[in-house]
Structure formats: structure tokens, C-alpha cells
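In the working numbering, the protein residues as written are 2 to 197. For each residue, glycine too, the CB sits at the ideal point set by N, CA and C. Owing to the predicted nature of the structure, the values given are computational and were not obtained by experimental measurement.
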Ligand SMILES: [Zn+2]
């Protein structure tokens, strides 16, 4: 059903450890986590085509929950659950114009803040100095909308800055039938304009 546009799939890959082929489980997801990022800065890809609206947010976990390691204490685990719960309420993220009649069909939150089986396979024996980059961890949230009146999508107010004050800047890549456009939003300029 979903035609997922390419830009959403262009998550960083092929970083360090690319030479090790002797692992028997998928590493691509983990490698996407190894890139360094700048705290306070998040990225947002927005694709609108016909009735389809996709938004993919990639933000440092530090700005959303205050840490980037796997949560062990109950308080931190609860923070992660809270984050996932909030991200599943699209209004936390942005307000779409009501006239556009958009409905979130699917929301997917990806993070590496809770322990899971795959994480146990990590090999921490080597003393590779480059490893400290791996301490960074992103949270990726994908929103898939169907909009009855997509032409009404003129301005979208992004709410992230009030919910997550340590997030200072959002770098947006916007792709619409009118073309591709980059812009930067912040707490003072939080309106995403799809049309002039
Ligand atoms: Zn980080």
C-alpha cells in the first residue's frame, strides 16, 4: 500500500565496521546509529505527493530523553516509554491544518534506548578509538499521513521546540510536486511553509 519515497530511506549507512563481514545478523540498523550528530540539532524530511504526506524526524536522543545510552534504571526506562507515547501523538510533533483532512495512518518510532536481544551481540573488546562516536544515538520517527485536501497544506506549525526545549534547530528538507527545498526552523520560526 505505502509507496515510501526514497528520501526517507536515505538514512546514513556504510559507516565504520563496514569491513567486518563475519557477523551473522543484520548490522545495517546498528550502523545507522554510529554517525555522530550535533546535540540540539534535528533533521526532518517531509515529502508530499498527491494525498500522501510523509514526515521523517531524526533527532539526538540526548535532546528527547536526556541520554543516549541503553536505559537501565527504571526512571530512564519510563522516560523512553513516555517519549514513544508522545511521539505517537502527532500533535506533539506538529499541527497540520484541519482543512487538509490529514489522518495519520502509521507512526513508527525507532530508537536504541532499551535493551533488546540484538544488543547483546555487540563486541566491545577491541580498543578502537573511533568507538566513541558510537555513543551517540538517534531517535527516528516516521509519520505516514493520508490527506483528503492536500492543497490545504500551506503552513504547518512544528511543536517540537516547546516539547523538547533542548532542541534548538530543525533542518528541514521538503519535497513537494513544486520541487525540493531546504530550510531551518527553530523556536522563533516554527512554521513550515509548503506553499508561498
Ligand atoms: Zn549524541
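Problem - residue 112 CB to nearest heavy atom of ligand 1 below 7 Å - result: no
Handout entry: Assigned secondary structure, residue 82 (DSSP; H/G/I helix, E/B strand, else coil)
Key = helix
Handout entry: Contact belief for residue 56 with residue 45 at Cβ below 8 Å, rounded distance in angstroms
Key = 6 Å
Practice task
Could you check if residue 192 is buried or exposed, using at least 16 other CB atoms within 10 Å of its CB as the buried criterion?
Solution key: exposed
Handout entry: For residue 101, the nearest candidate out of 58, 150, 86 and 108 (CA to CA)
Key = 150
Problem - Secondary structure of residue 97, DSSP reduced to three states - result: Of the three classes helix, strand and coil, the one that applies to residue 97 here is coil, per DSSP.
Practice task
Hey, could you find the ends of the alpha helix (DSSP H) residue 62 is sitting in?
Solution key: 62–65
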